[in-house]
Amino acid sequence: MREYTVPAVIEPPTTGGLGDAVWANASSHPDTAVFSRRVQGGWQDVSAAEFARQVGAVAKGLIAAGVQHGDRVALLSATRYEWTLVDYAIWSIGAVTVPIYETSSASQIQWILTDSEAVAAIVENAAHGAVVESARSDAPSLQEVWQLDSGAIEELTVIGQNVTDTELDKRRSAVTPDDLSTLIYTSGTTGRPKGCRITHANFMDELGTAVKVLDDLFDVNGASTLLFLPLAHVFARIIQVGCVMMRVRLGHSSDVKNLVTDLGEFKPTFILSVPRVFEKVFNTASQTAHSAGKGKIFDAAAETAIAYSRAQDDGGPGFGLKAKHALFDKLVYGKLRTVLGGQVDYAVSGGAPLGERLGHFFRGIGVPVLEGYGLTETTAALSVNLPDDIRIGTVGRPLPGVTVRVADDGELCFKGGQVMQGYWKNDEATAASIDADGFFHTGDLGEFDADGFIRITGRKKEILVTAGGKNVAPAVLEDAIRLHPLVSQCMVVGDGKPFIAALVTLDPETIPAWATQHGKPTDLQALVDDKDLLAEIQKAIDEANTAVSKAEGIKKFTVLPTDWTQENGELSLKLSLRRHIVMKKHEADVEALYAK
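This is the structure we're talking about:
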């Protein structure tokens with residue numbers, strides 16, 4: 001059993017709560033624009049003083065509605081300014097936010113409302129409201145439901161008019177670091193979601209450290225970011241808290257259809273996303289270039305960017321590589337940076353492994369991706385690559401105050417101030433995840449080098465064991481295959497089978513352009529057996545196989561006519577494969593791979 005610890009740089013918080021930052025900002029920097037919100041087609045700044053006024057007004061409304069210290073309040077909405085506003089209002093009175101993904105099913109919403117014993121819910125629209133109302137019979141604690149699109153903010157402001165500033169200050173000052181701040185239900189790949197009990201101290205410890213080591217993001221003049229990931233996910237939430245803490249101008253984008261426009265107008269200095277979005281940026285750019293007859297230029301530019309990035313870790317690029325890079329910066333890289341808003345200095349990635357090739361590509365085009373690692377149970381980040389300390393292909397070193405341990409079976413375990421208090425009303429699950437020494441068992445397999453840089457090698461429960469006894473981590477292969485522009489998803493199979501195989505789905509956004517370019521029908525069903533398309537997928541398979549031994553390589557694959565989605569249950573809310581569901585739905589397809 002090996003351990004690596006990075007010494008703490010801050011003392012554990014002993015007083016206050018997350019809401020205090022709102023009033024501190026209003027006092028010290030009242031006129032600073034801490035938010036920009038989309039209003040009537042434009043972006044309108046919100047000052048620190050105005051945000052504090054709005055948070056206070058909503059908080060008073062919650063008090064008037066009878067929400068008590070420690071009560072749970074559900075928040076069901078897409079990412080938008082009001083999400084953050086309500087979140088801080090709930091925290092400011094010592095209540096507990098229970099975020100729910102807007103894409104959650106009716107049964108998931110019902111379970112979360114019932115299990116959390118939420119006393120109130122704030123939803124985005126009438127459709128959400130109807131689902132919540134249908135769950136009332138199973139959620140007896142639920143009293144009030146407000147809709148953002150029907151004036152929830154204004155309604156709460158009105159009903160709270162008779163609550164005094166003294167009463168609000170009393171409620172806010174009663175909040176301590178040990179108080180529960182949020183119950184975040186893990187989306188999970190199996191079973192019912194479990195509520196992670198995250199305290200104010202968990203957030204304060206995490207961000208007190210993170211904003212120090214990531215000062216190139218949070219502590220620079222004009223720092224800003226545009227959130228487009230779901231705020232129900234802890235990854236986006238932790239950035240929200242960091243931005244409020246450091247007065248980084250924060251915007252929200254709730255519709256991916258408008259994301260490129262929003263990025264262009266907002267011009268963030270850093271962004272955060274999950275690997276699948278970075279894959280889509282790369283794949284879309286590649287396919288667009290190929291469709292326009294500029295595929296060779298893009299491919300050469302991509303290889304140059306990767307080589308340029310690799311050279312930075314090996315003595316620096318030579319004159320010839322610098323010249324090629326400068327040329328492609330004008331022809332290709334600058335356009336890609338413009339897609340991200342034109343002023344992005346860094347991107348932050350989490351939720352799944354990014355992959356070494358993609359990491360080098362983005363650093364090579366001038367947008368270094370700071371890949372990190374964490375879980376809902378650890379209030380997001382446990383480790384991260386820093387701007388001046390990047391090791392691509394890893395998820396960085398532990399944050400200060402964090403210890404990483406590799407168990408005898410290869411599982412990564414972590415200890416630190418950001419580890420949750422346990423699962424809500426589930427002592428058995430808590431005991432199974434947090435051991436007597438306080439280490440959280442992640443379920444991920446990994447290793448760290450002599451400098452403490454951590455590399456994720458797979459999921460403990462996802463390791464495939466072939467009939468020949470070979471252990472195979474599917475993520476290494478799947479991540480590489482998804483980089484192909486025509487591929488949407490991939491699942492490696494072979495547990496108990498004589499060899500490794502794969503199920504592949506096609507990207508419905510890039511396939512039509514490829515099909516038109518090659519004189520093919522655009523219908524996915526008609527393409528699954530097309531020889532040219534299969535040859536393209538084989539190239540992705542062959543490239544992925546170079547990363548593993550011959551025994552671990554994919555021997556056969558099949559292309560499926562439909563993609564996997566959240567709506568159909570094949571993907572979790574953070575876009576991870578729900579393998580047991582995919583296997584159940586495609587059992588016949590898997591068996592067919594081994595029948596020939």
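Quick note: the sequence shown, position 183, residue 183 per the UniProt record's numbering, numbers continuous. No residue lacks a Cβ here, since even glycine has one placed at the ideal position from N, Cα and C. These figures come from a predicted structure and were not determined experimentally.
Inter-residue spacing [alpha-carbon to alpha-carbon] between residue i and residue j
i: residue 597; j: G42; result: The requested residue 597 does not occur in the structure, where the chain is confined to residues 1 to 596.
i: R2; j: E371; result: 23 Å
i: A8; j: G416; result: 9 Å
i: A130; j: L148; result: 14 Å
i: A450; j: P387; result: 20 Å
i: D205; j: G222; result: 25 Å
i: I434; j: E11; result: 23 Å
i: E587; j: H200; result: 45 Å
i: G519; j: S137; result: 56 Å
i: R276; j: L575; result: 8 Å
i: I511; j: E124; result: 34 Å
i: T189; j: Q566; result: A caution first: T189 carries a pLDDT of 47, below 50, which makes its placement in the model too unreliable to give a value.
i: A307; j: I63; result: 58 Å
i: V367; j: A347; result: 7 Å
i: A78; j: A127; result: 13 Å
i: E428; j: V332; result: 53 Å
i: residue 597; j: N385; result: With the chain covering 1 to 596 only, the question about residue 597 has no answer from this structure.
i: L183; j: A49; result: 28 Å
Where residue i falls: helix, strand or coil (DSSP)
i: W23; result: helix
i: A301; result: helix
i: T189; result: With a pLDDT of 47 at T189, under the threshold of 50, the modelled position of that residue is not reliable, and the figure given next carries that caveat. T189 falls in the coil class under three-state DSSP.
i: F439; result: coil
i: G61; result: helix
i: Y373; result: strand
i: V339; result: helix
i: K280; result: helix
i: Y101; result: coil
i: residue 656; result: With the chain represented from 1 up to 596, any question about residue 656 goes unanswered, as that position is not in the structure.
i: P485; result: coil
i: A381; result: strand
i: L18; result: coil
i: V211; result: helix
i: I390; result: coil
i: S253; result: coil
i: A174; result: coil
i: Q525; result: helix
i: P474; result: helix
i: P398; result: strand
i: G42; result: strand
i: A33; result: strand
i: I541; result: helix
i: L229; result: coil
i: L217; result: helix
Min CB distance residue i to chain B below 8 Å
i: V402; result: Any reference to chain B falls outside this structure, which holds one protein chain only.
Residue of the options minimising C-alpha distance to residue i
i: R357; options: A480, S27, D178, A78; result: A480
i: I500; options: D205, Q40, N258, G553; result: G553
i: L375; options: K425, H233, D215; result: H233
i: A502; options: A544, E509, I297, W146; result: A544
i: V256; options: G293, P230, A592; result: P230
i: S309; options: R391, G334, T269, Q143; result: R391
i: E303; options: D345, I365, T288; result: I365
i: V244; options: N25, N471, D523, E570; result: N25
i: Y81; options: V34, D165, Y373, P398; result: V34
i: S141; options: G334, F282, T284, Q68; result: Q68
i: I454; options: A381, D507, D495, E478; result: A381
i: G61; options: R38, I122, A78; result: I122
i: D444; options: E428, E154, G351; result: G351
i: R579; options: V528, V274, D495; result: D495
i: E155; options: V404, V86, D178, G355; result: V86
Those residues which DSSP pairs with residue i across a bridge
i: A121; result: A74, V145
i: residue 612; result: One cannot answer for residue 612 here, as it falls past the ends of the chain, which runs 1 to 596.
i: Y423; result: C196
i: Y4; result: V404
i: C490; result: V504
i: V96; result: R72
i: C413; result: R405, H441
i: K556; result: A501
i: V465; result: N471
i: I184; result: C196
Fill in: Runs of beta strand (DSSP E) wholly within the stretch 317–369 (minimum 3 residues, chain order)
Listed in chain order, the complete beta strand (DSSP E) runs (minimum 3 residues) inside the stretch 317–369 are 346–349.
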